[in-house]
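Enquirer:
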Amino acid sequence: MLGTLALAVALLLTACGGNQSSNATLVMASSGPWTQWQWNPWTTVFPGAAGGFIYLPLAVQDWPNLTSFTPMLASSWSVQGDKLLVKLQPNARWQNGQPVTSTDLIDTLYLYGADGAPVWADIASVSAAGQKEVALTLRKGVPMVLLENNLFNGIIPFPSSVWGKYVTPSLKADVIAYNNLAATDPNAAASSAANQGLAAVFQKVAKVAPSTPIGDGPYKLAGITTQEVRLIKWDGYYDAKSITIPQISFLGLAQPDVNAQLLSGRADFSSGWLYMPPTIVQRWNHTQDAHLLSVPGTFQAQVIFNDTQYPFTDTTVRQALAYAFPLQKMNQLAWGNISPHAVYPQIPDGLTPKVADQFLTQSQLSSLNTYSYDPSKADQLLTSAGFQKKNGEWYMPNGKQLTLALSIDAAWTDQVAALKVAASTLSSIGIQSTLTTVEDATYVQDLHSGNFQVATYCCAGGSPDPLTDFAASPMGSLENYTTYGNNKGQHGIGFGPTADVPGLGTVNVPETLDAEANGVGPGSQMKDLTWDWAKFVNQQVPYLQYTNFANQIAYSTSNFDWPKTSNQTWVNINSGNYAVILEQENGSLHPK
Amino acid sequence: MISYIVRRVVMAAVIIYVVVTLSFFMVRLMPGNPMDYLESQLERQGNLTPQQVEEKVHAIYGLLPNEPVWKQYLQYMAQAAQGNLGTSLNDPGQTVVHIIAGALPWTIFSVGVALIVSFVIGIAVGTVMAAFQDRQLTKVATLFVSFISAIPNYLVAIVLIYLLADTYRVFPTGGAYAADVNPGANLPFIGSVLVHAIMPIASYSIVGFGGWALQMKGSAVSTLGSEYVRAAEARGLGARRITQTYVGRNSMLPQVTLLALSLGFMFGGSVFIETYFNYPGIGYQLINAVNSRDYSVMMGCFVLITVSVVISNLLVDLVYPLVDPRIVSPAGRRSRPGARAGAEEQNVPVGGTVA
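From first to last, the protein sequence lines stand for chains A and B.
In terms of our numbering, the first sequence opens at residue 923 and continues consecutively.
In terms of our numbering, the second sequence opens at residue 75 and continues consecutively.
1) What would DSSP say about residue 1155(A), mapped onto helix, strand or coil?
2) What are the uninterrupted segments assigned as beta strand (DSSP E) that are 3 or more residues long and contained completely in the region 1344–1412 of chain A, given in chain order?
3) For residue 1413(A), does the count of other Cβ atoms within 10 angstroms reach 16, so buried, or fall short, so exposed?
4) How would you list, in chain order, the residues of chain B whose beta-carbon sits under 7 Å from the beta-carbon of residue 1152(A)?
5) In the DSSP assignment, find the beta strand (DSSP E) that holds residue 993(A) and state where it starts and stops.
6) Give me the Cα-Cα distance between residue 1493(A) and residue 998(A), rounded to the nearest whole angstrom.
7) Within the 8 Å Cβ cut-off, does residue 1286(A) reach chain B?
8) Mind pulling the chain B residues with CB within less than 7 Å of residue 962(A)?
9) Taking DSSP as the reference, what is the three-state secondary structure of residue 1008(A)?
10) If you measure from the beta carbon of residue 1186(A) to each beta carbon in chain B, is any gap under 8 Å?
11) Report the residue from 1464(A), 963(A), 1388(A) whose alpha carbon sits nearest the alpha carbon of residue 1281(A).
12) Which partner residues of residue 1312(A) appear in the DSSP bridge assignment?
13) Quick one: measure Cβ to Cβ for residue 1043(A) and residue 1117(A), integer angstroms, because I've assumed they're closer than 8 Å.
14) Going by the CB atoms, is the gap between residue 1193(A) and residue 1473(A) shorter than 8 Å?
15) Can you tell me the Cβ-Cβ gap for residue 1058(A) and residue 1045(A), rounded? I've got them flagged as a contact below 8 Å.
16) Compare the C-beta of residue 137(B) with all C-beta atoms of chain A and state if any pair is closer than 8 Å.
17) Of the residues 330(B), 336(B), 300(B), 261(B), which one's Cα is nearest the Cα of residue 320(B)?
18) In terms of alpha-carbon separation, which member of 357(B), 362(B), 386(B), 295(B) lies closest to residue 330(B)?
19) Classify residue 1491(A) as helix, strand or coil using the three-state DSSP reduction.
20) Does the beta-carbon of residue 257(B) have 16 or more other beta-carbons within 10 angstroms, so that it is buried, or is it exposed?
21) Between which two residues does the alpha helix (DSSP H) harbouring residue 947(A) extend?
22) Distance check for residue 1211(A) and residue 1185(A), CA to CA, integer angstroms please.
23) Using a Cβ-Cβ cutoff of less than 6 Å, which residues in the same chain neighbour residue 1200(A) once the five nearest sequence positions on both sides are dropped?
24) Which two residues bound the contiguous beta strand (DSSP E) that contains residue 1471(A)?
25) Counting C-beta neighbours from all protein chains within 10 Å, is the total for residue 1256(A) 16 or more, i.e. buried, or is it exposed?
26) Does the separation of the CB atoms of residue 1137(A) and residue 1499(A) fall below 8 Å?
27) Can you give me, in chain order, the residues of the region 1117–1141 of chain A that have a beta carbon less than 7 Å from any beta carbon in chain B?
28) Would you mind stating whether residue 185(B) and residue 284(B) have Cβ atoms separated by less than 8 Å?
29) Run through chain B and tell me which residues come within less than 7 Å of residue 1146(A), C-beta to C-beta.
30) Consult DSSP for residue 323(B) and reduce its assignment to one of helix, strand or coil.
31) Suppose contacts are defined by Cβ-Cβ distances below 8 Å. Is residue 159(B) in contact with residue 374(B) by that definition?
32) Run down chain B in chain order and give the residues with a C-beta less than 7 Å from the C-beta of residue 1182(A).
33) Anything in the region 365–395 of chain B with a Cβ closer than 7 Å to a Cβ of chain D? List those residues in chain order, please.
34) Are the CB atoms of residue 1048(A) and residue 1069(A) nearer to each other than 8 Å?
35) Residue 1331(A) by DSSP, collapsed to three states: which one?
36) What does a CB cutoff of less than 6 Å around residue 1097(A) pick up in its chain, not counting 5 residues either side in sequence?
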């Protein structure tokens, strides 16, 4: 009996020990839990740990610069006439021993074509210029920089030994035919035989279930469970000598669990959608060897108004509400002041500051309205719109009381706190407000169907391209009279769709934004258009930008040496996976 | 007897059909859909124009069924009758049957072990409490057990995670096994599975045993007061024989029935614990399918839960007549000479006779 007990205890201790990470294992905690996984990049359950660690991207954007990239699998690239020539790392190999060649990249591009990848809107054709070189021919009228952005940001090559059999001559013909037609007539392209052919191939490809990934990155898969991907260094990587961390444990957890892992010392690093509430920030900052950065981010959250309901159809009322929302207080109470997850936008212009600073001048920015909290300004504007204040409550010109029903996705717990502050403040100045939280899976549909008065929208932006950011806002075609899917033609979210935009005149807002995002590259025209839309957002208040998210990056120097917090890498590299690889290659990240 | 069995089987089949039908339509009436879910995920990834998001959603959900719902229903029922529950919407490379087959062993293992552990401990504690019901310690124990049984098991899970995983790191925080072991018949994998299962099993068992203990205590106290026990005492039978044969077995009978019924509910009752521990069982798959509106996987889980509950009830119905033949022909029981009103509520002595 005692012997059996001892054996059981030994077994458990062995298993416990097996699960503890050694000091040489970098534990990354990510707030993206997964239930299912598939080593198929054309499914929605492709593990987030794969990008960068198992599969190399061609290059990484030096955010927020639109024209600067750090090479990875693409060792270099050059422009020759209308061609972009991309050279692949000469010694890059797949984990099955085969070399990475131009065929891999070309096949991958065609498969991305079946997936609707934006890079095909930029190119007319693709061909091999050598064993390790690929030539992409630019479509007429498309700026080269847009191709670079879509190629380097969106494309990760996969091995032809796995995927090449799906790249048939008919797929190639369909990709070219569909995109040629889409460039001139998107509606005709959508109903074309070529598009049906692409859909058929995609459906076939989406059902492929490889048993294990065959990557070309510095790590290969050791194992995967519902909350951990275990990666081990692959010695066949072309720059393996620079990789000093032998193992990576990539955890996929709910956000509170990420913080718990960091605080308990189990995790060494977290970035991306890390959210540390102010109380956790305090605890983390008092933890030994703990560091926290708050890098200005790419996303923003907005308060949106139901554009089909009075009084939100009145610009003056929207402006009054912009003054009545205590933006600074909302941000401070929800996210705090120390290395916060989100910060107060000083100028609601529809852009995050890093993007705005690149494309707008200081004089332009200073001429925009800040909408600092000012109840008296709100009073003036409401009065000028015919509203009356009686016994401390506002009444509309039709005699009904002005009440606001605020809605928010229940899953955005941090923003719920901010909106609670808004509701109480608005009520205190005579605009009776209530806050309702709505289930995550229902929220988007509620917004599209117009089942709201005032709601929060998250998250717009995500790009260093200002026109893409405006197109991804509630004014863009995905939300504003959507053209596809269950919400086709609905106008719950959005603005217009026609409106008088400064500098552009009366235009169809979603269509114009789409055309500009897909057709205008960096330069004076992009700056002019950015200024037009910034003025429009600031003056017309189609939505109220109420917070700018920051990338909270937490790391511990207990087991690893990291780049200094002042290192530009933290700003430029927008992905934790890529940062871990590039910093090892730079020699600034290694085990102690 | 045969007509009794046929009636029960037909009723079970009808219940399954009705519940599956209702589930099918209710799932599709749920607000939200997988396209909206994916759309919001892609928007959060950023760097995509609305057209790009639309195209990706279209490419992925070109796989969505777009026939009228009634056609989908007929198709689903025809396929389900052949054991084909479709493919996951989020992962078209996986059939629902495959996903369920992968999740099923984890739930059966963790909930099954927890059920047995809590049952055995609960019966033992309940018996002791009944045997020594007048003692002060029993009163304290009853209060404690009542308190424990009233706590939701997910609260116990949170406390265990906080204490034993985060603070003291005795156990891993979640998963069914460590990522660095090879799944298969090897010692590290088995050890890892056991270690990862301890906290989920403890969460179920800590709460579960209280209920069993209270039920056992109630049942045993009731049996102790039965006429046939008093008669056995009067006949001079030994205390050991009375306790084991008359009291123990008769008190256990309703508990065994409840245990059989509990087996049917094991899949539906695992949602919270499996979610907190990222334990890849049926409850975990179900809650994630609901959140992402993966209709196929949701339906698969609902079918499994329904069928397991109905079949466990059916099995109890079929086994009970062997224990109590009166169930098959209640009319005969009523016409038995000397039968008293309310006699059917008495426990039948196993290994003894009604004196």
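Heads up, the beta-carbon is just placed ideally off N, CA and C, and yes, glycines get one too.
Expert: Concretely, from the data shown:
1) strand
2) 1354–1360, 1376–1383
3) buried
4) 253, 254
5) 991–993
6) 23 Å
7) no
8) 167
9) strand
10) yes
11) 1388(A)
12) 1315(A)
13) Rounded, the Cβ-Cβ distance is 14 Å, inconsistent with contact.
14) yes
15) 5 Å
16) Summary for residue 137(B): the model assigns pLDDT 48, below 50, so the residue's position carries little reliability, and this model does not support an answer.
17) 300(B)
18) 386(B)
19) helix
20) exposed
21) No alpha helix (DSSP H) contains residue 947(A), which is instead part of the beta strand (DSSP E) from 947–952.
22) 11 Å
23) 1258
24) 1465–1478
25) buried
26) no
27) 1121, 1124, 1125, 1128, 1129, 1130, 1131
28) no
29) 253
30) helix
31) yes
32) 240
33) Checking the listed chains, one finds no chain D in this structure; the protein chains it contains are A and B.
34) no
35) strand
36) 1032, 1035
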